[in-house]
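S.K.: In our numbering, the protein residues as written are 2 to 650.
C-beta atoms are modelled at their ideal positions from N, C-alpha and C, and glycine is treated no differently.
#1: Beta-carbon within less than 7 Å of residue 73's beta-carbon, same chain only, minus the 5 sequence neighbours each way: which residues are those?
#2: Run the CB neighbour count on residue 423, radius 10 Å, all protein chains shown included, and call it buried at 16 or more, exposed below.
#3: May I ask which residues mark the beginning and end of the alpha helix (DSSP H) holding residue 486?
#4: If I follow the unbroken alpha helix (DSSP H) through residue 442, where does it start and stop?
#5: Between residue 400 and residue 54, which are expected to be in contact by the criterion C-beta below 8 Å, what is the C-beta distance as a whole number of angstroms?
#6: Using 8 Å as the threshold, is the region 490-501 in touch with the region 420-435, meaning 3 or more CB pairs across them?
#7: Counting Cβ pairs, one atom from each stretch, are 3 or more of them under 8 Å apart for the region 201-214 and the region 300-313?
#8: Going by DSSP, what residue range makes up the alpha helix (DSSP H) through residue 467?
#9: Ends of the alpha helix (DSSP H) at residue 320?
#10: Give the DSSP-derived three-state secondary structure of residue 530 in the structure shown.
#11: Just curious, the beta strand (DSSP E) that residue 436 is in, first and last residue?
#12: If you measure between the beta carbons of residue 528 and residue 493, is that distance less than 8 Å?
#13: Have a look at 430, 22, 42 and flag the residue whose alpha-carbon is nearest the alpha-carbon of residue 389.
#14: Please check the pair residue 59 and residue 91, which I expect to be a contact at CB under 8 Å, by giving their CB distance rounded to whole angstroms.
#15: For the beta strand (DSSP E) that residue 565 lies in, which residues bound it at each end?
#16: In whole angstroms, what separates the C-alpha of residue 262 from that of residue 577?
#17: Using 7 Å as the cut-off, classify the Cβ of residue 39 as near or not near the heavy atoms of the ligand MG, replying yes or no.
#18: For the beta strand (DSSP E) containing residue 354, name the first residue and the last one.
#19: Out of 317, 360, 309, 316, state which residue places its alpha-carbon closest to the alpha-carbon of residue 1.
#20: What residue from 539, 553, 130 has the CA that sits closest to residue 559's CA?
#21: Among the residues of its own chain, which have a CB less than 6 Å from the CB of residue 158, if the five just before and after it don't count?
#22: Against chain D, does residue 60 count as a neighbour if the rule is that its beta carbon must be under 8 Å from one of theirs?
#23: Can you give me the Cβ contacts of residue 46 inside the same chain, cut-off strictly under 7 Å, excluding the 5 residues immediately before and after it?
#24: Three or more C-beta pairs closer than 8 Å, one from the region 478-491 and one from the region 130-144: is that the case here?
#25: Would you mind working out which of 443, 435, 465 sits nearest residue 455, comparing C-alpha positions?
#26: Can you name the start and end residues of the beta strand (DSSP E) that residue 518 belongs to?
#27: Run through DSSP, which three-state label would residue 510 get?
#28: Strictly by DSSP, which residues pair up with residue 86?
#29: So, helix, strand or coil for residue 157, using DSSP?
#30: Give the straight-line distance between the Cα atoms of residue 348 and residue 115, rounded to the nearest whole angstrom.
#31: If you draw a straight line from the C-alpha of residue 118 to the C-alpha of residue 353, how long is it?
#32: Does DSSP classify residue 422 as helix, strand or coil?
#33: Within a Cβ cutoff of 6 Å, which residues of the same chain sit near residue 35, ignoring the five residues on either side of it in sequence?
#34: State buried or exposed for residue 338, treating a residue as buried only when at least 16 other CB atoms are found within 10 Å of its CB.
#35: State the start and end residues of the unbroken alpha helix (DSSP H) segment that holds residue 214.
#36: Do residue 216 and residue 191 come within 8 Å of each other at the CB atom, strictly closer than that value?
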């Protein structure tokens, strides 16, 4: 006989299962959307497309230690991917992160549209997760920005009310900071708008917490930026928004500064502009149905996002914006289209509510069709980017000579010169797409490659050895023998890709000081015979180096010596500072003891401070939750409570 207790228990179980299924549904939709975006990439293989260079093994970026010369834009996210790549391979790690980001963005926008009909919420999720903005950034390799977008809708209600719970604001700021500069720059305007809406309550506490949350990328970025200070202004990265039609297309998620790389670039511009108008109208109509606690600040945040997006394209403000972004402090703002995410995260749920509201006002046949409008627009906008983002995610297999060359360099490490001398080039291996030179990422270690992207007035944050390299390359083209000059620069290996103008370097085959060790149809690897070691003293003798980590090495006692790596302020031998040679190498003083890079200590201290604050706050919240459940007094650590002059919230 079935008892009432058993029936009640069974009913509770059914409700629990139904609740779990309801919670899982938006994530399932998001995962399906992510898989649809990857398309052919699911077959396996590496990925090459503009800044998207995903190789079998992802190296840990030097920015983790505060080392340049490249700005640490990918820190700390790429460090996590690098560690994952040692277990599951770089391509698998990147693809898992991409699917998770699309799914998180979809579920987050769905959550912001709580209360709207289910079909409207699906539309909100896909409008945000599959917008042309999102897909374009995935296709060109800006995974950090897409990861930040995935977290933004979850963090938005908290960041728009930052004074209400500064601890929670800190945790979400730290989460966004894991996406590096991309996440930090999206979070900052939201927090500022939220502080403005609250009248500036607890502003110092909130802003201080925000800064601490961004230390893992802010500190290394500042250190590397201070080493060079050369940045290109916004004129090279201006949002594509020509005329009224261009502005309206921005409202649909368009405007990437390289329009030929944008998803749906072949779609009629008028159609996209009309869809941009439709989405904006739906959002304005539905914005009143967003939660009252943050709907006003969300609208202001969206307006700020649009203003920053268009600032680099509008005649009246463009010059001022370029002047600001030409400074080291304003440099992160130079690519303003990134801030369009602040508009999209408001527009998607607001448009869902708008469609539902209009449907209620227009009963009859349109009542059933209007709620599907956000979903229909999302599919139209996303359609060209599905199944591989215009083939940009088509997998690539590196020929065997690549792995043979990498194994050779890994077994016998030393500075590697990457030729042809281009930062970006059209690579046949990537079906002719323009791609960031893959040699530094594929080979790892100390790779000397061009830092000139070819579209700015001067290279940014160039390796200090580059001027010496350019002189040597001119001599190679003139037919001179340069192997000894390469050895004096510390170059042990030369990788020559059979791309672009590689034939300009054919004279190296006649240099008796160079030995071809790997040869193939796409790549040659040459060894510099005169290379003697990574560290040489002034007599030419080799000084034994035992490398511990990237910013730390143990050297035998010696006189003054040259370490064949890029010079940077902050290197020490024992307690004596190192200097730079005329060719941009690291000049070590005489002595003994470890060689170390003291800015790394500052970077690690910043990391430790952020992680300690995160751990403390999470533990405090867990203790408080446990004490609340048990009905016992809280044993949480004491916390500083600032007086609130405006009364309770």
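M.R.: Taking the definition as stated:
#1: Here residue 73 corresponds to residue number 72 of the chain shown, with the count starting at 1. Apart from the 5 residues on each side of it in sequence, residue 73 sits with its Cβ closer than 7 Å to the Cβ of 62, 64, 218, 221, 222, 225 in its chain, given in chain order.
#2: Here residue 423 corresponds to residue number 422 of the chain shown, with the count starting at 1. Under this definition residue 423 is a buried residue.
#3: As a working mapping, residue 486 is identified with position 485 in the chain shown. Per DSSP, residue 486 belongs to the alpha helix (DSSP H) from 484-489.
#4: The residue you call residue 442 lines up with position 441 of the chain shown. Looking at the DSSP string, the run of the alpha helix (DSSP H) that includes residue 442 is 440-444.
#5: Taking the first residue of the chain shown as position 1, residue 400 is located at position 399. Taking the first residue of the chain shown as position 1, residue 54 is located at position 53. Actually they are not in contact, since the Cβ atoms of residue 400 and residue 54 sit about 16 Å apart, beyond 8 Å.
#6: Counting Cβ pairs under 8 Å, three or more are found: they touch.
#7: No: the two stretches stay apart, fewer than three of their Cβ pairs being nearer than 8 Å.
#8: The residue labelled residue 467 in the question sits at position 466 within the chain shown. Its alpha helix (DSSP H) spans residues 467-478.
#9: In the chain shown, residue 320 corresponds to position 319, counting from 1. Unbroken alpha helix (DSSP H) run through residue 320: 316-326.
#10: Position 529 of the chain shown, counting from 1, holds the residue named residue 530. Annotated three-state conformation of residue 530 is coil, per DSSP.
#11: Position 435 of the chain shown, counted from the first residue, corresponds to residue 436. Run containing residue 436: 434-437, per the beta strand (DSSP E) assignment.
#12: Translated into the one-based positions of the chain shown, residue 528 becomes position 527. Translated into the one-based positions of the chain shown, residue 493 becomes position 492. Yes, the Cβ-Cβ distance between residue 528 and residue 493 is below 8 Å.
#13: The sequence position of residue 389 within the chain shown is 388, counting from 1. Nearest C-alpha to residue 389 among 430, 22, 42: 42.
#14: On the chain shown, position 58 is the one that residue 59 refers to. On the chain shown, position 90 is the one that residue 91 refers to. Their Cβ separation, rounded to whole angstroms, is 4 Å, which keeps residue 59 and residue 91 in contact under 8 Å.
#15: Along the chain shown, read from residue 1 onward, the residue named residue 565 stands at position 564. Annotation for residue 565: the continuous beta strand (DSSP E) segment containing it runs 562-567.
#16: Start at 1 with the first residue of the chain shown, and residue 262 comes out as number 261. Start at 1 with the first residue of the chain shown, and residue 577 comes out as number 576. Cα to Cα, residue 262 sits roughly 49 Å from residue 577.
#17: No copy of the ligand MG appears in this structure; indeed no ligand is present at all.
#18: Start at 1 with the first residue of the chain shown, and residue 354 comes out as number 353. Premise fails: residue 354 lies in the alpha helix (DSSP H), 341-362, not in any beta strand (DSSP E).
#19: A question about residue 1 goes unanswered here, because the residues of the chain that appear run from 2 up to 650.
#20: For the purposes of this step, residue 559 is taken as residue 558 along the chain shown, with counting starting at 1. Of 539, 553, 130, the residue nearest in Cα terms is 539.
#21: Taking the first residue of the chain shown as position 1, residue 158 is located at position 157. Once the five neighbours on either side are set aside, the close Cβ partners of residue 158 are 295.
#22: Protein chain content of the structure displayed is limited to a single chain, and chain D is not contained in it.
#23: Within the chain shown, residue 46 is the residue found at index 45, counting from 1. Excluding positions up to five away in sequence, the list reads 92, 396, 397, 398.
#24: Of all C-beta pairs linking the region 478-491 to the region 130-144, fewer than three are shorter than 8 Å, placing the two stretches out of contact.
#25: The count along the chain shown starts at 1 and reaches residue 455 at position 454. The closest CA to that of residue 455, considering only 443, 435, 465, is found on 435.
#26: Start at 1 with the first residue of the chain shown, and residue 518 comes out as number 517. That run of the beta strand (DSSP E) goes 515-520.
#27: Numbered from 1 along the chain shown, position 509 holds the residue referred to as residue 510. The three-state secondary structure of residue 510, taken from DSSP, is helix.
#28: Residue mapping note: residue 86 aligns to position 85 of the chain shown, counting from 1. Paired residue(s): none; residue 86 is not in a bridge.
#29: Taking the first residue of the chain shown as 1, we reach residue 157 at position 156. Note: residue 157 maps to helix in three-state DSSP.
#30: Residue numbering aside, residue 348 sits at position 347 when the chain shown is read from its first letter. Residue numbering aside, residue 115 sits at position 114 when the chain shown is read from its first letter. Their backbone Cα atoms lie some 14 Å apart in a straight line.
#31: As a position in the chain shown, residue 118 is number 117, starting the count at 1. As a position in the chain shown, residue 353 is number 352, starting the count at 1. For residue 118 and residue 353, the distance between alpha carbons rounds to 8 Å.
#32: By one-based count along the chain shown, residue 422 stands at place 421. The answer is coil: DSSP assigns residue 422 none of H, G, I, E or B.
#33: Taking the chain shown and counting its residues from 1, one reaches residue 35 at position 34. Once the five neighbours on either side are set aside, the close Cβ partners of residue 35 are 100, 103, 104.
#34: Taking the first residue of the chain shown as 1, we reach residue 338 at position 337. Residue 338 should be labelled buried.
#35: Translated into positions along the chain shown, residue 214 becomes position 213. Counting along the chain, residue 214 sits inside the alpha helix (DSSP H) bounded by residues 204-214.
#36: For the purposes of this step, residue 191 is taken as residue 190 along the chain shown, with counting starting at 1. For the purposes of this step, residue 216 is taken as residue 215 along the chain shown, with counting starting at 1. No, the pair does not count as a contact, with Cβ atoms beyond the cut-off.
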